[in-house]
Structures are given as structure tokens and as C-alpha cells.
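To start, the structure itself, in C-alpha cells.
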Amino acid sequence: MILGGDVLKKNGGTHSYTGDNWSVDFIDNEAWSNYSIRSVKQTFKIIREFDESLQSNNIRYVLVIVDELENTVVVDEYHKQF
């Protein structure tokens with residue numbers, strides 16, 4: 001599942017972060033399968049929007065991914081704070 005991502009721009013032989021990023025928030029009680037599908041769809045939509053607005057072949061994306069077990073641990077730890 002894709003939690004979000006960062007946008008990088010290629011400058012010569014290196015890449016640098018543009019400061020643009022996105023995240024796909026989990027909806028309470030959402031099924032893992034629904035969250036996974038929604039996160040992929042939203043990520044593709046966002047990448048298309050960046051590609052259109054930046055109009056550059058030098059754009060790269062770093063995706064932040066997690067599996068169901070890792071996500072459960074992170075969400076549980078987050079909720080313990082409140």
C-alpha cells in the first residue's frame with residue numbers, strides 16, 4: 001500500500017527534492033483492501049497532475065509504502081498518543 005510520496009527533479013547527474021509531496025490518509029474502520037486500492041488510485045492521479053503541471057521529463061517520484069502489519073503497528077502507536 002502506498003502511504004504517499006515525494007517529488008524529485010533531476011539536475012544533471014543528481015536528484016533533489018522539490019518540497020512537493022502527498023499522503024493518503026487512512027479512514028477509520030476502512031478495510032485494508034479498500035485503503036490499498038484507494039491509495040494506488042490517488043497516487044496515480046497525483047502523479048499525473050504533477051507530470052502535467054511540471055511538464056518535465058526530469059521528474060521522479062519516491063513512494064512511501066507499507067504492508068498491512070507495519071501499518072497496523074504504526075496506527076496503534078499513533079492512537080496511544082491521544
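So the sequence shown is numbered by full-length UniProt numbering: it starts at 1 and just counts up by one. Backbone N, C-alpha and C fix where the C-beta goes; we use that ideal spot for every residue, glycine too. These numbers come from a predicted model, not from an experiment.
If you compare the alpha carbons of E68, I65, D20 with that of L54, the shortest gap goes to D20. Its chain contains V24 as the residues whose beta carbon lies nearer than 6 Å to that of Q42, once the 5 sequence neighbours on both sides are disregarded; these appear in chain order.
Here DSSP, grouped into helix, strand and coil, assigns V40 to helix.
Ranked by how close their Cα comes to the Cα of W22, the residues L3, K10, L69, N34 have L3 in first place. One thing to note: R48 has its Cβ no nearer than 8 Å to the Cβ of L8. Boundaries of the beta strand (DSSP E) around I65: 59-65. Separation of the CB atoms of L63 and G5 is rounded to 5 Å, and the pair is thereby assigned contact status at 8 Å.
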